[in-house]
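Trainee: Here's a structure for you.
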Amino acid sequence: GIQVEQSPPDLILQEGANSTLRCNFSDSVNNLQWFHQNPWGQLINLFYIPSGTKQNGRLSATTVATERYSLLYISSSQTTDSGVYFCAPVGTYKYIFGTGTRLKVLA
Amino acid sequence: DGGITQSPKYLFRKEGQNVTLSCEQNLNHDAMYWYRQDPGQGLRLIYYSQIVNDFQKGDIAEGYSVSREKKESFPLTVTSAQKNPTAFYLCAIGDSNEQFFGPGTRLTVL
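Chains as they are written, first to last, in our numbering: chain A, 10 to 116; chain B, 32 to 141.
The structure is reproduced here in structure tokens:
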């Protein structure tokens with residue numbers, strides 16, 4: 010099956026800093042989503058991005074499907090950005106989750 | 032109010048007991064999913080259902096059972112055959128384009 014690798018596994022930032030999270034996947038996929046899991050466990054949809062670039066406020070994402078990776082950019086980080094970020098490439102009705110990047114933003 | 036609801040938020044059970052986790056949705060989605068998350072890990076698919084009265088095993092279905100008698104409801108039973116049931120359980124709706132998650136149930140088996 011599809012293997013997903015996310016990096017870095019852990020990240021500590023000072024408030025206001027920028028960061029790039031990476032997701033590599035081992036096979037062609039139909040779609041890819043980025044999620045943020047807040048400290049209470051709720052998973053929040055960030056982007057549905059099979060290819061190309063999307064932006065939503067301080068967040069943007071780029072997927073290069075032909076090279077099998079996706080990037081999530083966080084600019085001007087805030088303490089509320091803390092949590093775990095997951096990418097989930099999609100096979101046939103199956104989302105394959107990586108182990109995530111654990112982000113802590115310090116005030 | 033509505034969307035995807037899971038109950039209860041926290042659940043404690045004694046070893047050897049079956050327990051059923053609730054997942055309800057009022058967003059009229061055909062497909063529903065159950066995932067398990069262990070500490071420091073990603074989500075793993077337990078079961079999914081694309082339509083009423085039909086469901087398929089995911090990657091870690093052993094020790095779990097589901098039913099899909101109504102479009103709105105997809106309950107998950109954690110049976111005594113599940114060797115390590117303590118985990119965070121998440122229900123989702125959606126399709127191959129986008130999934131949306133409920134708030135989850137934290138199950139602790141004592």
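Just so it is clear, CB atoms sit at the ideal spot from N, CA and C, and this is done for glycine as well.
Everything numeric in this text was worked out from a predicted model, so none of it was measured.
Note down, in chain order, each residue of its chain lying with its Cβ closer than 8 angstroms to the Cβ of L141 (chain B), except the 5 sequence neighbours on either side.
Mentor: These residues qualify, in order along the chain: F43, R44, K45, E46.
Trainee: Closer than 8 angstroms by C-beta to L20 (chain A): which residues in its own chain qualify, once you throw out the five before and the five after it? Chain order, please.
Mentor: Within the same chain, and ignoring the five residues on either side of L20 (chain A) in sequence, the residues whose Cβ sits closer than 8 angstroms to its Cβ are S28, L30, T110, R111, L112, K113.
Trainee: Exposed or buried, N49 (chain B), counting other C-beta atoms within 10 Å across all chains shown (16 or more means buried)?
Mentor: exposed
Trainee: Alpha carbon to alpha carbon, how far is V83 (chain B) from E103 (chain B)?
Mentor: 9 angstroms
Trainee: Is there contact between the stretch 71-85 of chain A and the stretch 34-42 of chain B, where contact requires at least three CB pairs shorter than 8 angstroms?
Mentor: Too few Cβ pairs lie closer than 8 angstroms, so no.
Trainee: Spatial neighbours of A92 (chain B) within its chain, please: C-beta separation below 7 angstroms, excluding the five flanking residues on both sides.
Mentor: I77, Y78
Trainee: Can you round the beta-carbon distance between S2 (chain B) and T110 (chain B) to whole angstroms, since I take them to be within the 8 angstroms contact cut?
Mentor: For residue 2 (chain B) there is no data in the structure shown, the boundaries of chain B being 32 and 141.
Trainee: So what does DSSP say about T117 (chain B), is it helix, strand or coil?
Mentor: coil
Trainee: Among the residues of its own chain, which have a CB less than 7 angstroms from the CB of N9 (chain A), if the five just before and after it don't count?
Mentor: The displayed coordinates of chain A run from 10 to 116. Any statement about residue 9 (chain A) would go beyond what the structure contains.
Trainee: Identify every residue that forms a DSSP beta bridge with A70 (chain A).
Mentor: A:K63, A:L81
Trainee: Can you give me the start and stop residues for the beta strand (DSSP E) that I53 (chain A) sits inside?
Mentor: 52-57
Trainee: Which first and last residues belong to the beta strand (DSSP E) in which Q130 (chain B) is found?
Mentor: 130-132
Trainee: Taking T36 (chain B) as part of the beta strand (DSSP E), name the residues at either end of that continuous run.
Mentor: Its beta strand (DSSP E) spans residues 35-38.
Trainee: Would you tell me roughly how many angstroms separate the C-alpha atoms of C96 (chain A) and L74 (chain B), rounded to the nearest one?
Mentor: 11 angstroms
Trainee: Quick one: what's N84 (chain B) bridged to in DSSP?
Mentor: As far as DSSP is concerned, N84 (chain B) takes part in no beta bridge.
Trainee: Specify, as a first and last residue, the run of the beta strand (DSSP E) that N40 (chain A) falls within.
Mentor: Run containing N40 (chain A): 40-46, per the beta strand (DSSP E) assignment.
Trainee: Classify Q68 (chain B): buried if its beta carbon has 16 or more other beta carbons within 10 angstroms, exposed otherwise.
Mentor: buried
Trainee: I want to see whether chain A comes within less than 8 angstroms of L76 (chain B), judged by CB atoms only; does it?
Mentor: yes
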